[in-house]
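The structure under discussion appears below in the form of C-alpha cells.
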C-alpha cells in the first residue's frame, strides 16, 4: 500500500472556487442588465388580459428597435430580437468580454382573436410594450341556456 501525503489546502481551493461561482451567478442580474436574456433565449415578459385588450411588456435591454420583430400568425404572437456582435478593436487585449449576442425568441398563444388592424407596439428604455385589442364579437359573453327536462 502506497502512502499519499495529505494536503489540507487542496480541498479548500476547490471549495473557494465553488463559492466564488455561486456568488458570481447569484448576483449576475444586478451587475449585468442583459443577464435577463438567458442561454435559452428567454427574456422576461408580462401578459395582462383586460376585458378589451391584451397588454404585453417584454424586457429587451440593449437592443436596437430595428432588430426587434413582432409577428402575429392567427392567435400566435411571436417576439423576436437579435443583437449583433460588436466589432472588436484590433490589438486590444481584453481580459473579459461579457455581452450576449444572437437571436432570442418567445411565442405566446392568445385565447381569442384580436383586431389585426389596431395592433400597436412601442419600444422605450429597453421595454417593448404591445397592445392587442380584442375582437368585439370574440369577447366572453354570458349566454343563458334553457335546460329541458
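Numbering (my numbering), first residue to last: 72 to 220.
We put the CB at the ideal spot given by N, CA and C, even for glycine.
Taking only the alpha-carbon atoms, compute the straight-line gap between residue i and residue j and give it to the nearest angstrom.
i           : j           : result
residue 135 : residue 154 : 8 Å
residue 92  : residue 81  : 18 Å
residue 174 : residue 73  : 55 Å
residue 95  : residue 145 : 42 Å
residue 116 : residue 85  : 38 Å
residue 109 : residue 88  : Only weak support is given to the placement of residue 109: the predicted model assigns it a pLDDT of 48, under 50, and the question is left unresolved by the model.
residue 172 : residue 118 : 25 Å
residue 90  : residue 196 : 34 Å
residue 216 : residue 140 : 44 Å
residue 213 : residue 167 : 60 Å
residue 77  : residue 164 : 40 Å
Can you round the beta-carbon distance between residue i and residue j to whole angstroms, since I take them to be within the 8 Å contact cut?
i           : j           : result
residue 142 : residue 199 : With a Cβ gap of about 13 Å, residue 142 and residue 199 do not count as contacting.
Would you mind working out which of the options sits nearest residue i, comparing C-alpha positions?
i           : options               : result
residue 123 : 206, 77 and 213       : 206
residue 194 : 133, 185 and 86       : 133
residue 184 : 197, 164 and 120      : 120
residue 186 : 75, 76, 79 and 208    : 208
residue 182 : 188, 167, 204 and 189 : 204
Do residue i and residue j have their C-beta atoms closer together than 8 Å?
i           : j           : result
residue 131 : residue 114 : yes
residue 71  : residue 152 : With the chain covering only 72 through 220, there is no way to say anything about residue 71.
residue 176 : residue 148 : no
residue 180 : residue 191 : no
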